[in-house]
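Each residue of the sequence shown is one higher than the one before, starting from 319 at the first, in my numbering. Down below is the structure, laid out as structure tokens.
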Amino acid sequence: MLAKRMMWIAWPAFLVAGLFEVLVFGMVDPQSLEWFGHPLALSRQGVYTLSFFAFWALTMVSSGLTTLLSMSPFEVNRCPVEPDQRPADCAQGGSGCC
Numbered sequence: 319m320l321a322k323r324m325m326w327i328a329w330p331a332f333l334v335a336g337l338f339e340v341l342v343f344g345m346v347d348p349q350s351l352e353w354f355g356h357p358l359a360l361s362r363q364g365v366y367t368l369s370f371f372a373f374w375a376l377t378m379v380s381s382g383l384t385t386l387l388s389m390s391p392f393e394v395n396r397c398p399v400e401p402d403q404r405p406a407d408c409a410q411g412g413s414g415c416c
């Protein structure tokens with residue numbers, strides 16, 4: 319289930335990062351960018367690459383928060399320990415961790 323959730327986060331974020339890349343650099347020339355008043359010492363391809371990964375990371379955070387907030391109370395509160403090894407204060411219902 320964890321791998322499935324990670325794909326719910328990574329794949330849409332990848333697609334949106336690609337879209338952001340096209341939209342931003344359709345209007346901005348990477349060679350005209352400055353960092354604290356100094357021109358970037360990167361090639362166009364380097365700026366495209368770093369910005370893509372920055373966009374991807376930001377959209378993965380957004381997708382991750384959405385996935386976290388969509389979890390049911392059962393998923394959040396279930397006990398991750400197998401029933402025969404649970405401490406007394408752990409919930410007794412359910413079949414344990416996935």
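Note that CB positions come from ideal geometry on N, CA and C, so glycine has one too. As the structure is a computational prediction, the values presented were derived from the model and not from experiment.
Limits of the unbroken alpha helix (DSSP H) element including residue i
| i | result |
| --- | --- |
| A331 | 320-343 |
| R396 | It is not in any alpha helix (DSSP H) - R396 carries neither H nor E in the DSSP assignment. |
| L376 | 362-387 |
For residue j and residue i, the rounded distance between their alpha carbons
| i | j | result |
| --- | --- | --- |
| L333 | Y366 | 15 Å |
| M378 | R404 | 34 Å |
| V442 | A406 | Here the chain comprises residues numbered 319 to 416, so residue 442 is not present and cannot be evaluated. |
| S388 | Q349 | 41 Å |
| V340 | L376 | 16 Å |
| L358 | A321 | 37 Å |
Residues near residue i in its chain [Cβ-Cβ closer than 6 Å; skip 5 each side]
| i | result |
| --- | --- |
| G336 | none |
Interface flag, residue i vs chain C, CB-CB below 9 Å
| i | result |
| --- | --- |
| P401 | Among the chains of the structure shown, chain C does not appear; only one protein chain is present. |
DSSP-derived helix/strand/coil call for residue i
| i | result |
| --- | --- |
| C415 | Residue placement at C415 is poorly supported in this model, since its pLDDT is 48, which falls under 50; the coordinates still yield a value, given next. Coil at C415, not helix or strand. |
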